[in-house]
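S.K.:
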Amino acid sequence: MRLAFLTSLIPVARPDTGFEIANAAILSALRAAGHEVTAIGFLRPGEVPAEPEQAVVVAEADIENAAVPTAQKLRWLTAAVRLGLPVACAKLRLAGEGRLVETVRAHGPFDALILNSVMLPGAFPELLRLAPCILVEHNVEHVSAGQNADHAESLLLRRLYRREARLLERLERRLWDEARFIWTLAEEDRQALGPTYREKSCALPLVSSHGPAAAAPGDLGEAPAFDVGLIGTWTWGSNLIGLEWFLQEVCPLLPDDIRIAVAGRVPPELRTPLNVTLVGRVPSAEHFLRSCRLIALSSRAGTGVQLKTIEAMQFGLPAVATALSCRGFTTLPANFTSADTAADFARAVTERVAAIRAGDRQRIDGAAFMEGQRLALADGLARGLAVAVA
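The numbering used here puts the first residue of the sequence shown at 3, with every later residue one more than the last.
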């Protein structure tokens, strides 16, 4: 088939967020199945598409809150109020107004459009009239916005998130009706759609990479750089809730000699305990994860599936994880411990780190997991396409 993958962020060679890693996995699987797929959307300034010959950049734009000044955020909010849109949609409307829909038409016709999240069709509802559409629900967006409202520290932020949740729920429910098929990234999210959409939806298992597992410190007998590692885009509200819980409630219960590293972008105002090192954006997520004795998966909010959890399973790394971090999985590897209270989480981290220091590395082969994910991903993609173009 000839497909258009419409996305707010076109995949780049070095994906930085779970959203981007998921995009790359879906695109790669579609192309491996023999489909001609053109990615159409936006790009951060200065970046280059991973597959330039298969991508069409509508505009270069910073559309992430953490990357722009307050004045830009106020322009987005003003536009959102004027247009009656969620802020997440209004920023895309401003970035692509007068170009995105015309670009899709110019590069068509397509057998189907893959709408990568509700934000683009929310900003450009005309897209649904161009070809049969499949919606990718990375998260149930209105639920995530509601969770952010519940955890917001100021009255203003709570009101803004409540507005986002209300408008996003209306938008999502309309798109669930209008799309030919819906892909979610977790079975829990698919169930949240309700029985009406059961026959036109499925969950897509994901993998975080397609290359062979690379050796790293700790795998070659070298001393690991850290005892515990956390990685993520911590400027995103749902992720930050989990990180702050770990830093403020779990860390004080850990032994002082446990060395902890946090990789990824963090808000500048984040405060950390003395035994926590912020290493920033790392060149290789896999290398960072393998350089830690144990992975901490501390999600306390959000929907969708956690790519960092998939990475830990895929690389066979030991982890302590909250139940929310493991949504989308019915069974856990033997080297995972599930813990949802700060005391249980700290106890599990302490026990696993002690065992690993004593010589029990607790690393397993993740190849079978990876292969199972790939096969199930290919099957889910094929099912959705078959329904969409029937």
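Positions of the beta carbon are idealized from the N, C-alpha and C atoms, including for glycine.
Computed from a predicted structure; not experimentally measured.
To the nearest angstrom, how far is the alpha carbon of Pro207 from that of Val50?
M.R.: Position 205 of the sequence shown holds residue 207. Position 48 of the sequence shown holds residue 50. C-alpha separation (whole angstroms): 27 Å.
S.K.: Give me the Cα-Cα distance between Ala217 and Ser293, rounded to the nearest whole angstrom.
M.R.: On the sequence shown, position 215 is the one that residue 217 refers to. On the sequence shown, position 291 is the one that residue 293 refers to. For Ala217, the pLDDT reaches just 45, beneath the cut-off of 50, and the residue's location in the model is therefore unreliable, although a value from the coordinates is still provided. Going by the C-alpha atoms only, they are around 10 Å apart.
S.K.: What are the boundary residues of the beta strand (DSSP E) that Thr274 is part of?
M.R.: Start at 1 with the first residue of the sequence shown, and residue 274 comes out as number 272. Counting along the chain, Thr274 falls outside any beta strand (DSSP E), and DSSP gives it neither H nor E.
S.K.: Do you know how far the Cα of Thr186 is from the Cα of Val264?
M.R.: Translated into the one-based positions of the sequence shown, residue 264 becomes position 262. Translated into the one-based positions of the sequence shown, residue 186 becomes position 184. Taking the straight line joining both Cα atoms gives about 28 Å.
S.K.: Taking the alpha-carbon of His140 as reference, which of Leu173, Pro123, Arg107, Ala188 has the nearest alpha-carbon?
M.R.: Your numbering for residue 140 matches position 138 in the sequence shown. Checked all of Leu173, Pro123, Arg107, Ala188; the closest Cα to His140 is Ala188.
S.K.: Is it buried or exposed, Pro2, if we count other Cβ atoms within 10 angstroms and call 16 or more buried?
M.R.: No information on residue 2 is available, as it lies outside the stretch 3 to 392 that the chain covers here.
S.K.: With the cut-off set at 7 Å, would you say Phe126 and Val103 are in Cβ contact?
M.R.: Stepping through the sequence shown from its first residue, residue 126 is reached at position 124. Stepping through the sequence shown from its first residue, residue 103 is reached at position 101. Yes. Within cutoff.
S.K.: Counting only the same chain and skipping the five closest in sequence on each side, list residues whose C-beta sits under 6 Å from that of Ala52.
M.R.: Position 50 of the sequence shown, counted from the start, is the residue given in the question as residue 52. Pro13, Val14, Ala15, listed in sequence order.
S.K.: Roughly how many whole angstroms lie between the Cα atoms of Leu94 and Ser10?
M.R.: In the sequence shown, the residue the question calls residue 94 occupies position 92. In the sequence shown, the residue the question calls residue 10 occupies position 8. C-alpha separation (whole angstroms): 7 Å.
S.K.: Please name the residue or residues paired with Ala61 in a DSSP beta bridge.
M.R.: As a first step, residue 61 must be located in the sequence shown, where it is residue number 59. DSSP output for Ala61 lists Phe44 as bridge partner(s).
S.K.: On the CB-based measure, 16 or more other CB atoms within 10 Å of its CB, does Pro257 come out buried or exposed?
M.R.: Counted from its first residue, the sequence shown places residue 257 at position 255. When all chains shown are included, Pro257 counts as exposed.
S.K.: Does the Cβ of His144 have 16 or more other Cβ atoms within 10 Å, making it buried, or fewer, making it exposed?
M.R.: For this step, residue 144 is matched to residue 142 along the sequence shown. Its Cβ being crowded by 16 or more others within 10 Å, His144 is buried.
S.K.: State the Cα-Cα distance for the pair Leu222 and Ala345, rounded to the nearest angstrom.
M.R.: On the sequence shown, residue 222 is found 220 positions in, with the first residue counted as 1. On the sequence shown, residue 345 is found 343 positions in, with the first residue counted as 1. Confidence at Leu222 is low in this model, with a pLDDT of 44, below 50, so its placement is unreliable and the value that follows should be read with caution. Going by the C-alpha atoms only, they are around 33 Å apart.
S.K.: Answer yes or no: do Leu1 and Leu122 have a C-beta to C-beta separation smaller than 7 Å?
M.R.: Nothing in the structure corresponds to residue 1, since the chain is present only between 3 and 392.
S.K.: Looking at the secondary structure, which residues open and close the alpha helix (DSSP H) in which Val89 lies?
M.R.: Taking the first residue of the sequence shown as 1, we reach residue 89 at position 87. Here the alpha helix (DSSP H) through Val89 covers 89-98.
S.K.: Do the CB positions of Ala2 and Val322 come within less than 7 Å of each other?
M.R.: The structure shown has nothing for residue 2, since the chain only spans 3 to 392.
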